[in-house]
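Following numbering that gives the first Met the number 0, the numbering of the first sequence begins with 0 at its first residue and continues without gaps. Note that CB positions come from ideal geometry on N, CA and C, so glycine has one too.
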Amino acid sequence: MSKNLTSRTEDYSKWYNELVVKADLAENSAVRGCMVIKPYGYAIWEKMQAELDRMFKETGHQNAYFPLFVPKSLFEAEEKNAEGFAKECAIVTHYRLQNDPDNEGKLRVDPEAKLEEELIVRPTSEAIIWNTYKGWIQSYRDLPLLINQWANVVRWEMRTRLFLRTAEFLWQEGHTAHATKQEAIDETVQMNDVYAEFAEHFMAMPVIKGVKTESERFAGALDTYCIEALMQDGKALQAGTSHFLGQNFAKAFDVKFTNNEGKQDYVWATSWGVSTRLMGALIMTHSDDKGLVLPPKLAPIQVVIVPIYKTDDQFETISNVANGIVKELRSLGVSCKYDHRTTHRPGAKFAQHELQGVPLRVAIGPKDLANGTVELARRDTLTKEVIALDGLVKKIDALLEEIQDALFNKALDFRSSHITEVETFEEFKDVLETKTGFISAHWDGTAETEQKIKEITKATIRCIPMDVVKEAGSCVYSGKPSTNKVLFAKAY
RNA sequence: CGGGGUGUAGCGUAGCCCGGUUAUCGCGCCACGUUUGGGACGUGGAGGCCGCAGGUUCGAAUCCUGCCACCCCGACCA
Numbered sequence: 000m001s002k003n004l005t006s007r008t009e010d011y012s013k014w015y016n017e018l019v020v021k022a023d024l025a026e027n028s029a030v031r032g033c034m035v036i037k038p039y040g041y042a043i044w045e046k047m048q049a050e051l052d053r054m055f056k057e058t059g060h061q062n063a064y065f066p067l068f069v070p071k072s073l074f075e076a077e078e079k080n081a082e083g084f085a086k087e088c089a090i091v092t093h094y095r096l097q098n099d100p101d102n103e104g105k106l107r108v109d110p111e112a113k114l115e116e117e118l119i120v121r122p123t124s125e126a127i128i129w130n131t132y133k134g135w136i137q138s139y140r141d142l143p144l145l146i147n148q149w150a151n152v153v154r155w156e157m158r159t160r161l162f163l164r165t166a167e168f169l170w171q172e173g174h175t176a177h178a179t180k181q182e183a184i185d186e187t188v189q190m191n192d193v194y195a196e197f198a199e200h201f202m203a204m205p206v207i208k209g210v211k212t213e214s215e216r217f218a219g220a221l222d223t224y225c226i227e228a229l230m231q232d233g234k235a236l237q238a239g240t241s242h243f244l245g246q247n248f249a250k251a252f253d254v255k256f257t258n259n260e261g262k263q264d265y266v267w268a269t270s271w272g273v274s275t276r277l278m279g280a281l282i283m284t285h286s287d288d289k290g291l292v293l294p295p296k297l298a299p300i301q302v303v304i305v306p307i308y309k310t311d312d313q314f315e316t317i318s319n320v321a322n323g324i325v326k327e328l329r330s331l332g333v334s335c336k337y338d339h340r341t342t343h344r345p346g347a348k349f350a351q352h353e354l355q356g357v358p359l360r361v362a363i364g365p366k367d368l369a370n371g372t373v374e375l376a377r378r379d380t381l382t383k384e385v386i387a388l389d390g391l392v393k394k395i396d397a398l399l400e401e402i403q404d405a406l407f408n409k410a411l412d413f414r415s416s417h418i419t420e421v422e423t424f425e426e427f428k429d430v431l432e433t434k435t436g437f438i439s440a441h442w443d444g445t446a447e448t449e450q451k452i453k454e455i456t457k458a459t460i461r462c463i464p465m466d467v468v469k470e471a472g473s474c475v476y477s478g479k480p481s482t483n484k485v486l487f488a489k490a491y
C-alpha cells in the first residue's frame, strides 16, 4: 500500500514521473510549487473533464470564460471573500520589462511601467464573474443563470503539495444566479450530488456528502457542502465543494433583478468546484506499489496488447491478430492500444503498463498462435489467465465493468472499516493514533471545542453528513449536550 | 517567518571530518552484436562551472564567509 504518497514523492518518483513533474524551470524559480502535467497524466485529467462537463450540461449548465486578472478594487468588494484569500494572492504590478543598465544582458522591471491599479491573478473568480453578471441580469426572466468555467487559478500557499495543493492548478468553477433562496440551495445540493456521483461512478471512490462547519466554510459562503474521501493512509481528503453564497455577492456587486411582481431584489448565488486535486485523490485511493491502478472508466487506455515474438514472420502474424482485436474493441467503444514498439522487450512493456495503471493487458505469443489463445492480465488483482481468442472481446468488455465495480467495492470496504464511532475523548485520541480514518463522535456545536480538538489531535471536523441521524448525546470533548454526531479526521 | 536536514551527470549516490593523480558507483542514455512468455546480456562510448559568489592555500567537491534553492516539521490552507 502506498502511504503518505504526496508528501514523499521521492519514494514514488519512478511512477510519479510518468504523470507529472514538479516544475523546476529556473534557479530562482518563481514557478516553485507548480506542476508540469505530462501527456499521460493530462489524458487522465481530460477523461475526468469530459465526464464532468457532460454532467454539468445535463443539469442545464453552459461553459464560458472569464479573465485571469481581477482588478484589486473588484477583488476587495466582497469583504469576507477578499479577506479569506488575501494572504495567498499573486499580484501584477507592472506591464513592461526593459534592459537593465546595471546588468548587461539582463532585464528588469521598467519602473515607469507601473499599473495604476494592481491586478490580482484569480485565486477564484467570484469577483470578476459577479461584476460581469451585474450587466447580464435585469429581470427574473434572465434567471437562473447557470454557468461553468474551466480555468486555472493561482493560490500562493506557503507550503505546496503535489496534486493536492499546488500554487497553480486546473479546475472548474460553477457560478450560478437564482431568483429565490430555495432554488439556490437546491442548486448547491444538486451540484454536490453531481460531484458525489462522479467520484463514485467514475473514479470508483466512495465519498461522504456533508456540510462544513462554520470555521471550515468557504470565505463568503453561508453554507459549504462537500464530498469527503478517505485515502489509503487513513487521511481524509476534501474532494469537492459546493457553496450556497446567499445574497452576499449580489449585494457586494449590486446584482439586482425585477421579480414577477415588479419589485427589485438581489439574486441568490452558488459556486462549486473540483480541481486537479481529484487526480491526487484517484492515485491515493487505488494505487499500489507497482504504480497506478486506474478505474476503466477513466483510463486513457483500457486495454493494451503486447506481442511476444522471435522472428519477423511471427511479429507479422501476431500483428494481424492484434489489429483485429483492436478494431473489434474500438467498435465497442473500448479504448485499446497495440504496443508494437520494437525498442522494448515484453517484460519492460508489462512493467510500464502496470505503472500507468492500464486495467487489462493482452499478451500474444507463438504458443498462443498455435493454440488459438491469449494471455489476459488484470491490473487490479495482478492475476492472469490463458483464454481462448474466440470470445475474447466479449470477455474484455464484461471484465472492464467488473474491474470498475471491484475497485469501488474494495475502496468502500476500506472506508467502512475506517469509520469508528467513539464516545470518549480517550477513545477518540486512541483511534486517531492507532487506527486512523474517520471518527464519528458527538460535538457540542461550538467553534471553541472544534478548535481545541484540532489543537490537541490535529483532527478537524470533515463534515456533518447529509444522512446524519439525530440522536441526543454529549460532546466527546466538552461533555455538553449534542444533537447528532459529526465526522472527524486528520486531513490533507 | 521559526526548528531540523540536504545540494556532486537525466535520476539515485560515494568522497567532505583529516585539502593532493584523470571525482566513485548504480540506473538511465548512445553504437554494435546476441536476445525477446515478467523490467535482457556482452563489448565499446557520451554525459560533470561538485548549488552560486567571494576568501584561505602551491593546490579546494573537501576548510572559512556570504548568498540561493530544495526537503521535512510548525505557522498558513475554498
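Measure the alpha-carbon distance for residue i versus residue j and round it to whole angstroms.
i                 : j              : result
glutamine 263     : tryptophan 135 : 15 Å
lysine 234        : serine 473     : 26 Å
lysine 348        : arginine 160   : 30 Å
isoleucine 207    : aspartate 232  : 17 Å
alanine 220       : threonine 175  : 13 Å
alanine 376       : valine 292     : 13 Å
glutamine 189     : arginine 378   : 34 Å
alanine 268       : isoleucine 119 : 22 Å
alanine 126       : isoleucine 90  : 15 Å
isoleucine 282    : glycine 346    : 24 Å
tyrosine 194      : glycine 323    : 38 Å
phenylalanine 487 : proline 38     : 37 Å
phenylalanine 201 : leucine 297    : 7 Å
lysine 56         : tryptophan 44  : 18 Å
isoleucine 317    : threonine 342  : 17 Å
alanine 150       : alanine 471    : 45 Å
aspartate 389     : threonine 58   : 42 Å
glycine 261       : glutamate 425  : 60 Å
tyrosine 224      : proline 110    : 46 Å
isoleucine 184    : serine 415     : 29 Å
isoleucine 363    : glutamate 374  : 7 Å
leucine 96        : glutamate 117  : 16 Å
glutamate 199     : threonine 123  : 26 Å
tyrosine 476      : valine 430     : 15 Å
asparagine 483    : glycine 444    : 10 Å
Taking C-beta to C-beta, are residue i and residue j nearer than 8 Å?
i                 : j                 : result
leucine 114       : histidine 93      : yes
alanine 440       : valine 421        : yes
alanine 458       : methionine 204    : no
isoleucine 402    : proline 295       : yes
phenylalanine 437 : leucine 229       : yes
leucine 301       : leucine 399       : The sequence shown places glutamine at residue 301, not leucine. Going by C-beta atoms, glutamine 301 is nearer than 8 Å to leucine 399.
aspartate 192     : valine 210        : no
glutamate 172     : valine 153        : no
tyrosine 139      : phenylalanine 256 : yes
tryptophan 155    : glutamate 75      : no
Does residue i pass the burial test, meaning 16 or more other C-beta atoms within 10 Å, or should it be called exposed?
i              : result
serine 481     : buried
valine 385     : exposed
isoleucine 455 : exposed
histidine 242  : buried
threonine 435  : buried
valine 69      : buried
alanine 238    : buried
histidine 352  : buried
threonine 212  : buried
leucine 359    : buried
histidine 285  : buried
glutamate 447  : exposed
valine 392     : buried
Please work out which residues of its chain come closer than 6 Å, Cβ to Cβ, to residue i, disregarding the five sequence neighbours upstream and downstream, and give them in chain order.
i            : result
lysine 366   : none
tyrosine 491 : Leu163, Lys234 and Leu236
glycine 128  : Sequence check: residue 128 is isoleucine here, not glycine. Answer for isoleucine 128: Phe65 and His174, listed in chain order.
valine 485   : Trp442, Ile460 and Ile463
glycine 478  : none
Excluding the five sequence neighbours on either side, which residues of its own chain have a C-beta within less than 8 Å of the C-beta of residue i, listed in chain order?
i          : result
lysine 250 : Tyr265
glycine 83 : Phe217, Ala218 and Gly219
lysine 180 : Gly245 and Trp267
valine 406 : First, the residue type needs correcting, since residue 406 is leucine and not valine in the sequence shown. Ala203, His285, Val292, Pro294 and Asp379, listed in sequence order.
Within a Cβ cutoff of 7 Å, which residues of the same chain sit near residue i, ignoring the five residues on either side of it in sequence?
i             : result
leucine 144   : Tyr132, Trp135, Ile136, Thr175 and Ala176
alanine 63    : Ile146 and Gln148
asparagine 98 : Leu106
glutamate 77  : Glu125, Ala126, Gly219, Asn247, Phe248 and Ala251
alanine 387   : Gly371 and Thr372
State whether the segment 268 to 281 contacts the segment 326 to 333, with contact taken as three or more CB pairs (one from each stretch) at a distance under 8 Å. No, the segment 268 to 281 is not in contact with the segment 326 to 333.
Evaluate the contact criterion for the segment 305 to 312 versus the segment 44 to 53: three or more CB pairs, one atom per stretch, below 8 Å. No contact exists between the segment 305 to 312 and the segment 44 to 53.
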